[in-house]
Amino acid sequence: MSLKSILLLGHPSIARRLLFYILLYSSLITLGATATQLYLYYHGDMDQLNDRFEQIDASFVKSITDDLWNIDFQQVRVHLEGIHKLPDIEYVRVDPVDFDSLEVGTPMETATKVRKVALYFDKDGTRNYLGELTVVASLEGIYARLREKVLIVLTTQAIKTFLVSAFMLFIFNFIIIRHLEKIAGFAHNFSLDKPIENLTLDRSATRGGNDELDQVVQAFNEMQLALQQSYEELLTANKELAHHKQNLERLVEERTIELREAEQTLLENAHQAGMAEIAIGVLHHIGNTLNSLNISGHVIHEILAKSSIDRLERANSLLAQHRHDLVDFISTDPRGLKLLTYYLQIGERLLNEHDHLTRETTKLEEYIKQIKDAIFSQQEYARISSFTQAIRLEDLLDEALRLESFSLTKLHIKVEKDLQKTPRLYAPTTKVRFVLLQLLRNAREALDHKECENRRITLKLRTSGSDAVSLSVRDNGIGIAPENLVNIFKSGYTTKQGSQGFGLHVCANAVSEMGGSLTVDSGGLGQGAVFTVTLPVVVSQAAKAS
Numbered sequence: 069m070s071l072k073s074i075l076l077l078g079h080p081s082i083a084r085r086l087l088f089y090i091l092l093y094s095s096l097i098t099l100g101a102t103a104t105q106l107y108l109y110y111h112g113d114m115d116q117l118n119d120r121f122e123q124i125d126a127s128f129v130k131s132i133t134d135d136l137w138n139i140d141f142q143q144v145r146v147h148l149e150g151i152h153k154l155p156d157i158e159y160v161r162v163d164p165v166d167f168d169s170l171e172v173g174t175p176m177e178t179a180t181k182v183r184k185v186a187l188y189f190d191k192d193g194t195r196n197y198l199g200e201l202t203v204v205a206s207l208e209g210i211y212a213r214l215r216e217k218v219l220i221v222l223t224t225q226a227i228k229t230f231l232v233s234a235f236m237l238f239i240f241n242f243i244i245i246r247h248l249e250k251i252a253g254f255a256h257n258f259s260l261d262k263p264i265e266n267l268t269l270d271r272s273a274t275r276g277g278n279d280e281l282d283q284v285v286q287a288f289n290e291m292q293l294a295l296q297q298s299y300e301e302l303l304t305a306n307k308e309l310a311h312h313k314q315n316l317e318r319l320v321e322e323r324t325i326e327l328r329e330a331e332q333t334l335l336e337n338a339h340q341a342g343m344a345e346i347a348i349g350v351l352h353h354i355g356n357t358l359n360s361l362n363i364s365g366h367v368i369h370e371i372l373a374k375s376s377i378d379r380l381e382r383a384n385s386l387l388a389q390h391r392h393d394l395v396d397f398i399s400t401d402p403r404g405l406k407l408l409t410y411y412l413q414i415g416e417r418l419l420n421e422h423d424h425l426t427r428e429t430t431k432l433e434e435y436i437k438q439i440k441d442a443i444f445s446q447q448e449y450a451r452i453s454s455f456t457q458a459i460r461l462e463d464l465l466d467e468a469l470r471l472e473s474f475s476l477t478k479l480h481i482k483v484e485k486d487l488q489k490t491p492r493l494y495a496p497t498t499k500v501r502f503v504l505l506q507l508l509r510n511a512r513e514a515l516d517h518k519e520c521e522n523r524r525i526t527l528k529l530r531t532s533g534s535d536a537v538s539l540s541v542r543d544n545g546i547g548i549a550p551e552n553l554v555n556i557f558k559s560g561y562t563t564k565q566g567s568q569g570f571g572l573h574v575c576a577n578a579v580s581e582m583g584g585s586l587t588v589d590s591g592g593l594g595q596g597a598v599f600t601v602t603l604p605v606v607v608s609q610a611a612k613a614s
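Below, the structure is given as structure tokens:
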């Protein structure tokens, strides 16, 4: 790696980081060492200054004291000038008692060290105070020498640090960095599609075994050999897997076709079984209805056999025989006298017979209607087509309402709609229409059996989740007892008089075939009921096939 590439800031480099840390650590060491040296230099100069003060005490104080006792101020000044000539001494002053002060030099206010000495003269055992000697030393010289030493030390240390860092960087680049760059370039150009070439470094063999770089090269060569072998094994496995995949796809396709055919067969069998179950229920219901129909016919036959019509005919024949003397016959003949009473009795009997016959014929009509409805339900369910197309549930609901509009209007039933916009369904149209019609007819019949003024059907259309649509049909009719809710969708089960019990059963089967659900809820008798049908947006293949 060249010095230019190391110093190039836009290119991350271990060498540059190493250089940075070397300089940082060396600078910290240099600053610490320099601070220590300056501290020692400073204390050395201060010790020398203290030694000067001691020298002044030893060499000048006694002489100055003797001259003051002799009042030889000229000689005192000579001593003061001698003290002033000492290094770092800037100001000297003597303050004699009862005399003016003597001073040499200029007093300083900052960066000074002051030494004051009291002057005493001993005479005949008496200690006489003569004044005070003040010596002021300047620290500027010490500071100046320290600054010179700082520049020298820092310059020396900086040069040494730079040289050591450059040498370490050169050694690190020669021993490690250039080999790392070669390893990185080899790894960058490595490809499993090319022939394997072992990684080698341009360096002499190490003594005493392999070092870390030798271990890295050896591990890298072993890794690329293992990768190449694994890659070849992977290619072989992929070829085998592709072959197995083709066979598996063929087998899956064959099994899928078989399963679809079996599913279609099962669905057809289930559908036919459901049709057979409904047909058996219809025949059973028709058989019961025919029994009732036979009983009503027998009753009518007995009424007609015992009818008073024959008696009326005999009375009319007797009256016709005497039509020429009708007045005399009625007024004088005993038979004529009883004929009027006889007519009244026959008329009353005929009225009773008429009422009885009317009731029985009404029953006959109801039984015949039940048979027709049962046959119609069976035929209508059998005609349901499984053709699937895109439909809107609200459109089919409007169509069903139009078909039921006459019956709803006749019973004064109000229809309330709360329809949200829902996605299109892909379902058998006729089957969905059949379910909607049956639910509307069921609600209408529930309201027909309840005496109330406010007859109401509420339709609510909603999106159920992300892939289904739900429609609820609520009525305020006769309701359903809690114990009857579990049986409401069973074939032939009904709680309404005159109903066959097949409509809801067929609806539940149709909704189940389309992959949906049909549920019922009621608060009890007299509380109405709500039927909710939920259909998937896309009907499953099984539902389409059914």
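The sequence shown lines up with residues 69 to 614 when you count with this note's numbering. Think of the CB as a built atom: it goes at the ideal place given N, C-alpha and C, for glycine as much as any other residue.
Name the two residues that bound the continuous beta strand (DSSP E) containing residue i.
i      : result
Gly583 : It is not in any beta strand (DSSP E) - Gly583 carries neither H nor E in the DSSP assignment.
Thr194 : Thr194 to Ser206
Asp190 : Thr180 to Lys191
Thr268 : Neither: Thr268 is in no beta strand (DSSP E) and is coded neither H nor E.
How long is the line joining the alpha carbons of residue i and residue j, rounded to whole angstroms?
i      : j      : result
Leu222 : Asn241 : 28 angstroms
Ile525 : Gly596 : 10 angstroms
Tyr299 : Asp279 : 30 angstroms
Arg145 : Thr202 : 13 angstroms
Thr430 : Arg542 : 32 angstroms
Ile414 : Arg403 : 15 angstroms
Phe599 : Ala310 : 53 angstroms
Leu505 : Leu572 : 11 angstroms
Ile124 : Lys153 : 12 angstroms
Gln389 : Lys406 : 16 angstroms
Ile363 : Lys528 : 46 angstroms
Leu507 : Val574 : 11 angstroms
Gln116 : Val172 : 22 angstroms
Glu329 : Ser259 : 51 angstroms
Ile245 : Ile82  : 8 angstroms
Asp378 : His424 : 18 angstroms
Pro175 : Gly209 : 16 angstroms
Excluding sequence positions up to five away, which residues of its chain have a Cβ less than 6 angstroms from the Cβ of residue i?
i      : result
Phe121 : Arg183
Ser590 : Gly547, Ile548 and Ala597
Asp135 : Gln143 and Val144
Ala514 : Asp543, Gly545 and Ile546
Can you have a look at residue i and say buried or exposed, based on whether 16 or more other CB atoms are within 10 angstroms of its CB?
i      : result
Gly547 : buried
Ser206 : buried
Ala179 : exposed
Ile436 : exposed
Ser169 : exposed
Arg523 : buried
His422 : exposed
Glu581 : buried
Gly584 : buried
His147 : buried
Ser538 : buried
Ser385 : exposed
Taking only three categories from DSSP, how would you classify residue i?
i      : result
Ile525 : strand
Phe235 : helix
Phe240 : helix
Val218 : helix
Ser590 : strand
Gly365 : helix
Lys485 : strand
Ile546 : coil
Leu292 : Inspection of the sequence shows that residue 292 is occupied by Gln rather than by Leu. Here Gln292 sits in helix by DSSP.
Phe599 : strand
Glu171 : strand
Val606 : strand
Leu493 : strand
Ser534 : coil
Leu106 : helix
Ser473 : helix
Could you check where the alpha helix (DSSP H) with residue i kicks off and where it finishes?
i      : result
Gly253 : Arg246 to His256
Phe141 : Phe141 to His152
Arg501 : Thr497 to Asp516
Thr456 : Here Thr456 belongs to no alpha helix (DSSP H); instead the beta strand (DSSP E) covers Thr456 to Ile459.
Asp163 : No alpha helix (DSSP H) holds Asp163; the beta strand (DSSP E) holding it covers Ile157 to Pro164.
Ser131 : Val129 to Trp137
Going by beta carbon distance, what residues of the same chain come within less than 7 angstroms of residue i, once the five residues before and after it are set aside?
i      : result
Arg512 : Glu472, Ser475, Leu476, Leu479 and Ile481
Met236 : Ile90
Using C-beta distances below 8 angstroms, list every residue in its chain close to residue i, excluding the 5 sequence neighbours before and after it, in chain order.
i      : result
Asp535 : Pro604, Val605 and Val606
Arg460 : Thr490, Arg492 and Leu493
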